[in-house]
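The sequence shown begins at 457 in this note's numbering and counts up one residue at a time.
We put the CB at the ideal spot given by N, CA and C, even for glycine.
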Amino acid sequence: MVYGGYSYLDFEYEPGEDDFVVLLYTSGKYELEKLAEAIASESSVGTWTDIKTMNDYVFEHYRARIFRINKVRENEGFVYIAYPIEHFDLKNFNQFQASVLGNIFGMKELESLYILDIQFPEKYQKQFKGPALGLDGIRKYVGTDRNLRPHAGTIVKPKVGLTPKEFARVAYTAWVNGLDLVKDDENLVDQDFCRWEDRFNAVFDAMDKAEAETGERKIYCVNITDSSIERMTERVEKVLERGHNCVMLDVYVLGIAALEYMINLTRKHGIIVHAHRAGYAAWHRGNYGVNFQILEKIYRMIGVDQLHIGTGVGKMEGGAILIKRLHELAEFMEGEEKFYLGSLEFKFADHIKPIMPVASGGLDPTKVDALVVIHGKNVTVQAGGGVHGHPDGTAGGAKALRQAVEAVVEGVSLKDYAEKHSELKKAIEKWGYTEPESISSRLEIESRKDLLNDITLRKGIEFIKNVAWYI
């Protein structure tokens with residue numbers, strides 16, 4: 457098989473430690489080998505026809521190599537491609553993105569293309585500095601580095617519309633009733649009804665007061681996201697003037713270059729970067745896309761400290777098995793291949809610290825012990841409506857969420873703990889109770905790894921989506 461006069465198939469090739477490995481799923485108008493070669497060519501050294509300017513050295517040293525294909529149908533299946541590190545600008549992730557995640561999505565012979573996972577070689581990871589604080593640093597700051605309980609947080613609701621004074625009052629109520637963290641929502645920055653500086657100062661004062669009253673360190677994730685680097689930089693300066701500890705960035709909509717710039721700025725001062733992933737799903741739904749686990753690796757390498765990854769029990773997409781994998785990518789340094797999730801083996805370079813996973817989206821206190829089945833205790837449990845929608849308002853919701861966290865630490869079921877804690881009991885009466893066993897039973901399917909992999913080979917990406925999003 458040849459594409460543009462050259463063959464990119466090399467089934468004898470074994471990727472080296474400095475190779476990038478890309479796992480993708482594609483289908484199209486031609487047999488799978490031809491589709492795979494079109495992708496490998498366009499994303500490395502080739503084009504649609506033979507060219508007189510190609511030489512043996514360029515082709516041998518810089519081309520992509522297709523080293524494995526698993527057909528589901530003649531024109532559809534899994535493709536593994538290795539790219540040599542020499543192909544890439546080691547100081548420039550956007551160049552990598554333009555190569556491997558670029559033109560190939562517009563090729564007319566393809567009817568679907570989904571990039572499932574990418575292995576980044578450790579040599580490439582060295583360009584990134586990783587998180588300034590990460591999981592352990594955040595725990596040390598909050599003071600949970602000994603008891604290792606889950607952190608409890610909330611998003612002020614409604615998402616937009618409150619004045620700075622109203623916003624600060626809600627934040628204060630949440631903090632003094634037990635929560636560790638309060639954050640802006642993704643679409644609140646500097647609107648006329650709630651100017652950024654006014655809100656930040658009011659909430660910072662409320663946080664100071666709450667810390668003095670509770671004796672606990674608190675975090676405010678103030679959203680500094682902006683289309684202007686200058687305005688974001690000014691906000692960081694104002695954060696530093698008040699001795700604050702955290703900023704929030706809408707990392708997907710911000711883009712890689714701006715994100716890297718801002719993290720390099722905040723890293724100098726040891727500021728926690730809370731990463732909200734709003735918009736990411738636009739990149740991976742439908743027949744074309746890029747799996748979030750790739751973005752998660754990139755964000756961790758660049759240096760966010762805590763990142764929204766989904767819940768497995770809430771309102772956002774992602775079943776228990778998928779979210780568990782995303783949690784592993786946040787907390788651990790390495791992990792095994794999970795083909796039934798389209799997930800390659802991973803290994804982070806030693807300096808890329810673990811980050812704090814944030815479970816957020818459709819949570820309430822009644823789901824905490826089920827959530828911990830997926831995430832363990834290294835997680836920030838973040839509930840918006842599940843705090844402010846409590847029958848006793850924000851105060852009751854904050855108390856109930858902290859009570860749920862304490863129950864998990866003590867190894868007591870939420871139902872039993874609620875018998876002596878009225879706020880948690882009222883939460884269960886309103887929202888019901890998610891049995892941890894219902895989550896455990898879903899995760900048990902992973903013990904049948906060989907069967908899952910076999911079905912994946914026969915059914916293709918639709919099975920992966922069913923496993924990842926619904927189990």
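When you compare only the Cα positions, how much space is there between residue i and residue j?
i      : j      : result
Leu800 : Lys915 : 18 Å
Arg595 : Tyr518 : 44 Å
Gly774 : Lys508 : 48 Å
Ile719 : Lys833 : 26 Å
Ala851 : Tyr873 : 18 Å
Pro620 : Asp906 : 55 Å
Asp474 : Glu693 : 39 Å
Val703 : Leu591 : 16 Å
Leu486 : Leu908 : With the sequence shown as reference, residue 486 is identified as Tyr, and Leu is not the correct amino acid for it. Cα to Cα, the separation comes out at about 28 Å.
Pro892 : Ile525 : 39 Å
Thr505 : Thr912 : 34 Å
Arg655 : Val612 : 12 Å
Tyr513 : Val501 : 11 Å
Tyr628 : Gly726 : 24 Å
Tyr889 : Lys876 : 16 Å
His730 : Ser869 : 30 Å
Trp631 : Glu669 : 10 Å
Leu782 : Gly766 : 8 Å
Leu778 : Met510 : 43 Å
Glu686 : Pro471 : 43 Å
Lys547 : Lys803 : 20 Å
Ser684 : Asp545 : 26 Å
Lys665 : Ala738 : 40 Å
Pro614 : Gly770 : 18 Å
Ser903 : Lys780 : 14 Å
Asp910 : Glu667 : 54 Å
Asn550 : Val598 : 35 Å
Asp646 : Gly853 : 27 Å
Thr600 : Gly593 : 10 Å
Ile750 : Glu790 : 14 Å
Arg651 : Val695 : 15 Å
Pro810 : Lys724 : 19 Å
Glu918 : Asn531 : 15 Å
Gly558 : Met663 : 44 Å
May I ask which residues mark the beginning and end of the beta strand (DSSP E) holding residue i?
i      : result
Lys527 : 521 to 529
Glu567 : 566 to 575
Ile495 : Run containing Ile495: none in the beta strand (DSSP E); it sits in the alpha helix (DSSP H), 488 to 498.
Gly745 : 744 to 746
Ser878 : No beta strand (DSSP E) holds Ser878; the alpha helix (DSSP H) holding it covers 878 to 887.
Ala538 : 532 to 539
Gln581 : No beta strand (DSSP E) holds Gln581; the alpha helix (DSSP H) holding it covers 578 to 581.
His764 : 762 to 764
Look at residue i and residue j and say whether their C-beta atoms are less than 8 Å apart.
i      : j      : result
Gly798 : Ile680 : no
Val556 : Val616 : no
Leu488 : Gly562 : no
Ala497 : Tyr469 : Checking the displayed sequence, the identity of residue 497 turns out to be Ser instead of Ala. No.
Pro587 : Asp761 : yes
Tyr462 : Phe515 : yes
Val707 : Tyr755 : yes
Ile728 : Gln553 : no
Ile560 : Phe476 : no
Ile495 : Thr482 : yes
Ala734 : Glu642 : yes
Ile584 : Met812 : Just to set this straight, residue 584 is Phe in the shown sequence, not Ile. Not in contact: Phe584 and Met812 (Cβ atoms no closer than 8 Å).
Asn633 : Lys823 : no
Tyr570 : Leu480 : yes
Phe660 : Arg691 : no
Ala520 : Tyr536 : no
Val923 : Tyr736 : no
Leu857 : Ala624 : no
Just curious, the alpha helix (DSSP H) that residue i is in, first and last residue?
i      : result
Asp664 : 652 to 670
Thr850 : 849 to 866
Gly593 : 590 to 598
Phe476 : Phe476 -> not in any alpha helix (DSSP H); beta strand (DSSP E) instead, spanning 476 to 484.
Gln553 : 549 to 556
Thr836 : Where Thr836 is concerned, there is no enclosing alpha helix (DSSP H), although the beta strand (DSSP E) it sits in stretches over 836 to 838.
Leu546 : Element bounds for Leu546: n/a, residue is neither H nor E.
Gly842 : 841 to 844
Pro892 : 892 to 899
Val828 : 824 to 831
Query raised in the report: Can you list, in chain order, the stretches of the alpha helix (DSSP H) that have 4 or more residues and sit fully within the segment 673 to 742?
Result: The segment 673 to 742 contains these whole alpha helix (DSSP H) runs: 685 to 697, 707 to 710, 712 to 723.
Query raised in the report: When the Cβ atoms of the segment 878 to 888 are set against those of the segment 842 to 854, are three or more pairs found closer than 8 Å?
Result: The segment 878 to 888 makes contact with the segment 842 to 854: 3 or more CB pairs, one atom from each, lie closer than 8 Å.
Query - Segment contact flag, the segment 631 to 639 with the segment 676 to 685, C-beta cutoff 8 Å, min 3 pairs - result: Between the segment 631 to 639 and the segment 676 to 685 there are three or more C-beta pairs closer than 8 Å, enough to call the two in contact.
Report task. Report yes or no: do the segment 739 to 748 and the segment 553 to 569 share at least 3 C-beta pairs separated by less than 8 Å? Result -> Between the segment 739 to 748 and the segment 553 to 569, the count of Cβ pairs shorter than 8 Å is three or higher; the stretches touch.
Query raised in the report: Would the segment 887 to 897 and the segment 783 to 797 be scored as touching if the rule is three or more Cβ pairs under 8 Å?
Result: As far as the Cβ criterion goes, the segment 887 to 897 does not touch the segment 783 to 797, which means the pair count is below three.
Requested in this report: Jot down the residue ranges of each uninterrupted beta strand (DSSP E) in the segment 778 to 821, minimum 3 residues, whole runs only, in chain order.
Outcome: As far as the segment 778 to 821 is concerned, its whole beta strand (DSSP E) runs of at least 3 residues are 812 to 816.
Requested in this report: Take every Cβ of the segment 823 to 841, pair it with every Cβ of the segment 859 to 873, and state whether three or more of those distances are shorter than 8 Å.
Outcome: Counting C-beta pairs with one atom in each stretch, the segment 823 to 841 and the segment 859 to 873 have three or more that are closer than 8 Å, which means they touch.
Query raised in the report: Can you list the alpha helix (DSSP H) stretches of 4 or more residues lying completely in the segment 605 to 658, in chain order?
Result: Entirely contained in the segment 605 to 658, the alpha helix (DSSP H) runs reaching 4 residues are, in chain order, 620 to 632.
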